[in-house]
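The structure appears right after this line, and notes come after that.
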Amino acid sequence: MNAKLSFTRLMKDKTPGHERQTVFHRVDEGQNVGPETKELSRYSPQSDKAAGPGPKAASPAAKSFFIMFPLCLTYIFTKSLKEGGAALLVLNGCDVLKAASMQEMMAAVEKAYRIYEENGYQMPLRTHFTIRDNSVLFMPCSTNEAAGAKIVSVFPDNKDRPVTQGAVLLVDSRNGSMKTLMDGTVLTGLRTGAIGGAAAKYLAPSDAKTAGLIGTGYQGLYQLAGVCTARNIENIFLFNRTPSNIPPFIRRFKTLIPNIPVHIAKSARELAEKADILITATSSATPVLPEEDLYDGKLVIGIGSYQPHMREFPDALLKNLKSIYIDSHDAAKESGDVDSRLKTIPFSKIVTQKVKPDPNTLQVFKSTGMALFDLVAAETVYKKAIQLGIGQMLDF
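Note that my numbering has the sequence shown beginning at 1, numbered continuously upward.
Set out below in structure tokens:
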């Protein structure tokens, strides 16, 4: 299939209050295209006919011009980014999904863990404030390769929008210019799913075949995607305190991974009994896993609790633990699931092979996230988007 590169650049006209827009969309052979792309398809090599008044067929010279002009502009835009030009690449959620696979996000997360272990970053404490019962966080970070920040909101009672929403802005570390603004909601979902996937890769039982998820929200979707990428999962079990949320979740999950059977557990106990890998992705203030001895030989991944008053883990899970794996030292301070009596081990020590866990004993991993994950993941998406010609270019 032949395709032209796709960029959109918005440029301010010299006349105040006006803008002109030059758009180059992907035009594929046999692709059903929308009205805007159809209008521009007269510039594609597949079309001889001009839209609107004018000659019915373009000359060979005109055809050549219309083929090469978008490619030349794409080259100029990309070159201007590499040389520090004042252009901002804007990536919406669909762009982020096109630019990065779960495998690539897991590689980015492992890279972030290595940077964390080497102390090769600056990461000020995240600023956090509340709006009624909701949270807004500002998370800056820099490494030797990149710099930027994420602003993210967490509104647990959202019904028609994701609980977690945000945006990420990256700064060119050579000259301080703003180089990309991207959807932080999708990026957060991907990188958090990759965090869970990395935990499954290193900590899950060697024969793990089943995964169980409590909390069928936006984060839960990507948690399953990460775990299924890391391990050969054959069955998935779901439980949610609001059962009506499960069927639409299954439909969304099937668009990502259609071939794995999904079962609805009647209780959290049934899910805990049947799953080798247990994932909690809720904002609960009380434990969502049962207070029973059901966890020997399993991996438990806690994603939801990120404040001291939040808890997903029961005492029955923690009482026999001597240590718990955390994604950052902040997790020990921020989450109500990390008992102060437990020894905490940064997961970065596993990725760098300084610690070797026994995957056939009970393992517990707790994540609250950190800006370093967002920065490395966003830089990965940005580079891939430039390579693929995805997104919109704005003068800035």
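Just so you know, even glycine gets a beta-carbon here, dropped at the ideal spot from N, CA and C. No experiment lies behind these values; they were computed from the predicted model shown.
Of the candidates Pro248, Lys98 and Thr352, the residue whose Cα lies closest to the Cα of Lys159 is Pro248. Counting only runs of 4 or more residues that sit fully inside the segment 130 to 217, the alpha helix (DSSP H) segments are 184 to 203, in chain order. Collapsing the DSSP output to three states places Ser367 in coil.
For Tyr113, the uninterrupted alpha helix (DSSP H) segment begins and ends at Met102 to Glu117. In the DSSP annotation of this structure, the continuous segment of the alpha helix (DSSP H) that includes Lys98 starts and ends at Gly93 to Ala99. The beta-carbon distance between Thr216 and Leu238, rounded to whole angstroms, is 6 Å. This is short enough to meet the 8 Å contact definition.
By the beta-carbon neighbour count (other beta carbons within 10 angstroms, threshold 16), Gln219 is buried. Boundaries of the alpha helix (DSSP H) around Ile246: Ile246 to Leu256. Judged by DSSP in its simplified three-state form, Asp315 adopts helix.
Taking a contact to require three or more Cβ pairs closer than 8 Å, the segment 291 to 304 and the segment 182 to 189 do not qualify as touching. Under the DSSP assignment, Ser348 falls in the alpha helix (DSSP H) whose first and last residues are Ser348 to Val351.
Straight across, the Cα-Cα distance linking Met123 with Phe396 is about 26 Å. About 18 Å separates the beta carbons of Leu388 and Leu88, which is beyond the 8 Å limit, so they are not a contact pair.
Counting the other CB atoms within 10 Å of its CB gives Thr127 a total below 16, which places it among the exposed residues.
Judged by DSSP in its simplified three-state form, Tyr325 adopts strand. In the DSSP assignment, Leu271 falls within the unbroken alpha helix (DSSP H) covering Ala268 to Lys274.
The DSSP-derived three-state label of Val227 is helix. In this structure, Ile264 places its C-beta atom within 8 Å of the C-beta atom of Ile246. Per the Cβ contact rule, the segment 342 to 357 is in contact with the segment 315 to 328 (3 or more Cβ pairs under 8 Å). DSSP, reduced to helix, strand and coil, places Asp296 outside both helices and strands of the structure shown, so it counts as coil. The Cβ-Cβ distance between Thr192 and Ile260 does not fall below 8 Å. Nearest to Ser284 by C-alpha distance, out of Gly196, Ala108 and Glu312, is Glu312.
Under DSSP, Val90 shares a beta bridge with Leu181 and Gln392.
Listed as beta-bridge partners of Lys343 by DSSP are Ser323.
Straight-line measurement puts the Cα of Asn92 at about 18 Å from the Cα of Tyr222. Counting along the chain, the unbroken beta strand (DSSP E) around Ile236 starts and ends at Asn235 to Phe239. Excluding sequence positions up to five before and after Gly184, its CB lies within less than 8 Å of the CB of Lys150, Ile151, Val152, Gln165, Gly166, Ala167, Val168 and Asp374, all in the same chain and listed in chain order. When C-beta atoms of the segment 170 to 180 are compared with those of the segment 198 to 205, fewer than three pairs fall below 8 Å, so the two segments do not count as touching.
Around the beta carbon of Ser206, a 10 Å sphere encloses fewer than 16 other beta carbons of the protein chains shown; the residue is thus reported as exposed.
A straight line joining the alpha-carbon of Arg132 with that of Asp358 spans about 43 Å.
Residue environment analysis places Glu379 among the buried positions, since at least 16 neighbouring C-beta atoms fall within 10 angstroms of its C-beta. For Asp276, the closest C-alpha among the options Pro156, Arg269, Val300 and Phe253 is that of Val300. When C-alpha distances from Ile350 are compared across Val227, Lys111 and Val381, the shortest belongs to Lys111. In this structure, Ser177 is the residue among Gly391, Gln363, Ser177 and Val163 with its C-alpha nearest to the C-alpha of Ala146.
The beta carbon of Ala371 sits closer than 8 Å to the beta carbons of Met123, Arg126, Met139, Pro140, Cys141, Ala149 and Lys150 from its chain, once the five residues preceding and following it are set aside; these are given in chain order. Arg161 sits exposed, since fewer than 16 C-beta atoms from the chains shown fall within 10 Å of its C-beta.
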